[in-house]
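Numbering (the UniProt record's numbering), first residue to last: 1 to 489.
Here a beta-carbon is modelled for each residue, glycine too, at the ideal position from N, C-alpha and C.
Keep in mind that this is a model prediction, so the values were computed, not measured.
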Amino acid sequence: MDNQLQIYNTLSRKKEIFVPLHEGKVGLYVCGPTVYGKAHLGHARPAVTYDLLFRYLKHLGYKVRYVRNITDVGHLANDADEGEDKIAQKARLDELEPMEVVQLYTNDYHKNMEKLNVLSPSIEPRATGHIIEQITVVEKILAAGYAYESQGSVYFDVEKYAKDYPYGELSGRKIEDMQSNTRELDGQDEKHSPLDFAIWKKAAPEHIMRWPSRWSDGFPGWHLECTAMSCKYLGETFDIHGGGMDLCFPHHEAEIAQAKAANGHDAVRYWMHNNMITLNGQKMGKSLGNAISLDEFFSGEHALLEKAYDPMTIRFFMLTAHYRSTLDFSNEALQAAEKGMERLLKASETMNGLSPADKSSVNIGELKEKCYAAMNDDLNSPIAIAHLFDAVKIINSIADGKESISAEDLDALKSLYNTFVFDLFGLKKPEQAEGSNEAFNAAIDLLLQLRQDAKANKDWATADKIRNELTALGFVVKDTKDGASWELK
RNA sequence: GGUCGGUUGGCCGAGUGGCUAGGCAACGGUCUGCAAAACCGUGUACGGCGGUUCGAAUCCGCCACUGACCUCCA
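Next up, the structure:
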């Protein structure tokens with residue numbers, strides 16, 4: 001196939017043909033969550049984006065090692081006045097052990113990712129489990145001369161580094177601009193320059209999470225874990241590093257600098273960044289009160305939500321936008337996605353019931369080509385989905401007898417449809433409503449049977465009464481040629 | 001203030017210099033005792049003003065609006 005996977009590389013700002021470092025194998029590292037709160041919608045975007053990439057790379061035949069970290073050392077709380085660790089702060093508020101908080105929210109994250117049908121990564125390393133590796137990186141950077149110790153902390157010397165290597169190449173920042181934009185501030189004495197960032201930080205007395213080192217009892221800098229863990233599991237050079245656009249600067253820029261300072265060369269070959277999510281056109285953020293947790297989406301228990309949304313609706317909706325575009329969540333858009341996905345899934349059942357004809361009046365080969373071309377074009381899932389809706393029309397037309405399909409084409413269609421809808425996009429039929437015990441089902445079926453009898457007797461009053469009462473109770477009664485079916489909304 | 005991005009029909013959301021994105025909604029039809037559901041069909045949109053071009057939503061400039069990150073913070 002001359003149609004090759006192209007990936008948009010943030011570093012070059014271009015789409016590039018993806019060629020792995022080692023033939024047939026791909027090393028993929030993605031920045032995972034900081035586990036100090038419940039998993040929310042913002043966590044789902046990168047998870048689904050790189051899950052799609054992971055699935056597609058495997059589908060293409062690559063052996064993929066996918067590393068996605070858990071950040072459990074914690075970053076500084078955005079709105080905290082003190083330089084206190086997010087996780088330590090939360091721990092004090094909740095009167096829990098830091099690792100207890102970490103475990104609680106890690107479990108929450110895992111549970112929600114499973115609901116979203118996000119595959120587990122190959123390795124999910126924790127920052128707290130790699131303190132020694134991080135200290136080793138600090139030593140290497142110090143030995144290379146790109147860091148200095150100051151009052152028990154170790155800082156990365158950005159200006160020194162920038163003399164030897166380009167700094168800011170990923171985010172398009174120029175060091176001169178950053179310097180001229182820097183104000184004089186108090187409390188910067190420890191750093192030689194405001195641009196410098198900590199790679200080891202001495203712990204304040206109230207700071208609970210701390211480890212001994214030759215500089216101080218402290219903790220590693222927040223950019224360091226990814227450098228240390230990607231190197232440990234994927235090597236000094238690896239293929240793809242992904243994460244949210246919000247991490248581009250300073251996090252990823254710092255990662256590049258740390259790896260280059262420590263090893264003398266670049267670590268990452270392709271940088272990928274997924275865009276952010278907005279809610280009713282507004283940025284999603286905790287301070288704005290619109291950071292809806294995934295649990296709330298799934299249960300519908302949030303003031304902004306009109307109803308509960310199935311995890312698959314969230315997943316599908318994310319896939320209907322390209323990963324590098326912002327995506328706006330609203331009840332209207334979600335409900336539109338919900339209906340569209342139902343149609344897509346229903347067509348797969350219709351497809352399984354199709355009978356082949358001698359000849360095809362439809363072109364499955366072309367459809368397949370278009371679907372793969374879309375995926376190869378920087379994972380353009382919205383385009384691929386558009387083509388799948390063309391497949392829906394084809395399927396329904398065949399079922400209607402307006403088109404015909406050969407046995408060979410039908411197999412190809414099934415294979416294509418199943419590959420994209422289930423294997424790559426990772427969609428599943430929504431879970432059946434709970435309380436679906438057998439007696440309950442039988443009772444509803446009985447009511448519908450009574451209605452069927454009434455209809456046979458042209459007793460429309462009784463038939464309509466049953467239907468209307470069931471509707472009032474929240475059931476949806478659907479009459480089809482093969483009889484009535486129902487579901488609970 | 002700096003850097004980068006966005007502005008597409010009622011809503012969401014793709015996109016290439018000229019050739020239908022797609023979904024939802026809406027409307028029309030098929031089906032139905034009626035309805036719902038399901039299925040089929042229909043829509044000619046691209047922030048404003050200039051410019052380049054035979055031709056621009058797609059390229060360039062300016063303006064407006066908007067987003068992200070940074071400018072305080074490990």
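Residue i versus residue j - alpha carbon distance
| i | j | result |
| --- | --- | --- |
| proline 250 | proline 166 | 14 Å |
| leucine 410 | leucine 354 | 8 Å |
| leucine 345 | lysine 115 | 18 Å |
| lysine 163 | isoleucine 383 | 44 Å |
| methionine 245 | glutamate 206 | 33 Å |
| histidine 387 | proline 194 | 51 Å |
| alanine 439 | glycine 42 | 41 Å |
| glycine 401 | glutamate 236 | 58 Å |
| glutamate 133 | alanine 267 | 16 Å |
| leucine 424 | glutamate 349 | 18 Å |
| cysteine 31 | arginine 68 | 6 Å |
| tryptophan 215 | lysine 202 | 8 Å |
| aspartate 108 | valine 118 | 14 Å |
| alanine 261 | valine 64 | 27 Å |
| histidine 252 | histidine 223 | 8 Å |
| asparagine 290 | isoleucine 175 | 35 Å |
| isoleucine 444 | alanine 399 | 29 Å |
| isoleucine 141 | asparagine 263 | 8 Å |
| leucine 473 | isoleucine 466 | 11 Å |
| threonine 278 | lysine 90 | 26 Å |
| alanine 308 | alanine 333 | 14 Å |
| valine 421 | phenylalanine 316 | 10 Å |
| residue 535 | proline 125 | Because the chain is modelled from 1 through 489, residue 535 falls outside the range shown and cannot be assessed. |
| serine 361 | leucine 52 | 32 Å |
| leucine 96 | phenylalanine 297 | 27 Å |
| histidine 192 | glutamine 151 | 12 Å |
| asparagine 376 | valine 26 | 16 Å |
| residue 493 | asparagine 441 | Since the first and last residues shown for the chain are 1 and 489, residue 493 lies out of range. |
| phenylalanine 475 | cysteine 231 | 55 Å |
| glutamate 100 | isoleucine 87 | 10 Å |
| glycine 172 | lysine 14 | 14 Å |
| serine 397 | isoleucine 385 | 18 Å |
Own chain, CB closer than 6 Å to residue i, minus 5 neighbours either side, in chain order
| i | result |
| --- | --- |
| asparagine 112 | Ala39 and Leu294 |
| alanine 198 | Ser153, Tyr155 and Gly221 |
| alanine 347 | Val392 and Ile395 |
| lysine 370 | His387 |
| tryptophan 211 | Ile131 |
| aspartate 453 | none |
| serine 485 | Lys478 |
| aspartate 79 | For aspartate 79, the predicted model reports a pLDDT of 37, less than 50, meaning its position is unreliable; a value from the coordinates is still stated below. Nothing meets the Cβ criterion. |
| arginine 269 | Asp239 |
| serine 381 | Leu319 |
| arginine 451 | Ala463 and Ile466 |
Same chain, Cβ closer than 8 Å to residue i, neighbours up to 5 away in sequence not counted
| i | result |
| --- | --- |
| lysine 455 | Ala463 |
| histidine 59 | Thr419, Asp423 and Leu424 |
Contact check, residue i vs residue j, beta carbons under 8 Å
| i | j | result |
| --- | --- | --- |
| serine 122 | tyrosine 56 | no |
| glutamine 6 | aspartate 378 | yes |
| methionine 209 | histidine 130 | no |
| leucine 243 | proline 46 | Here residue 243 is glycine; the residue named in the question, leucine, does not match the sequence. In this structure, proline 46 lies closer than 8 Å to glycine 243 by Cβ. |
| leucine 488 | valine 477 | no |
| tyrosine 323 | threonine 10 | no |
| aspartate 177 | leucine 21 | no |
| tyrosine 161 | alanine 257 | yes |
| isoleucine 405 | alanine 336 | no |
| leucine 416 | leucine 367 | yes |
| valine 73 | phenylalanine 219 | yes |
| valine 138 | alanine 147 | yes |
| alanine 407 | isoleucine 364 | no |
Cβ distance (whole Å) where residue i is taken to contact residue j below 8 Å
| i | j | result |
| --- | --- | --- |
| threonine 313 | glutamate 338 | 5 Å |
| glutamate 225 | alanine 127 | 4 Å |
| asparagine 275 | serine 330 | Asparagine 275 to serine 330, Cβ: 17 Å. No contact. |
| serine 12 | isoleucine 135 | With a Cβ gap of about 33 Å, serine 12 and isoleucine 135 do not count as contacting. |
| lysine 414 | methionine 351 | 6 Å |
| tyrosine 62 | methionine 272 | The Cβ separation is near 15 Å, so there is no contact. |
| methionine 341 | leucine 427 | 7 Å |
| tyrosine 29 | leucine 234 | 6 Å |
Chain-order list of residues whose beta-carbon lies under 7 Å from that of residue i (same chain, five-residue window excluded)
| i | result |
| --- | --- |
| aspartate 196 | Tyr155, Phe156, Asp157 and Val158 |
| valine 19 | none |
| glycine 168 | Lys174, Ile175 and Glu253 |
Distance cut-off 7 Å: residue i Cβ against heavy atoms of the ligand MG
| i | result |
| --- | --- |
| leucine 470 | Absent from the structure shown: the ligand MG. Ligands present: none. |
If contact is defined by three or more beta carbon pairs under 8 Å, each pair taking one atom from either stretch, is the stretch 301-310 in contact with the stretch 96-112? Segment contact: the stretch 96-112 against the stretch 301-310, fewer than three CB-CB distances shorter than 8 Å; contact not assigned.
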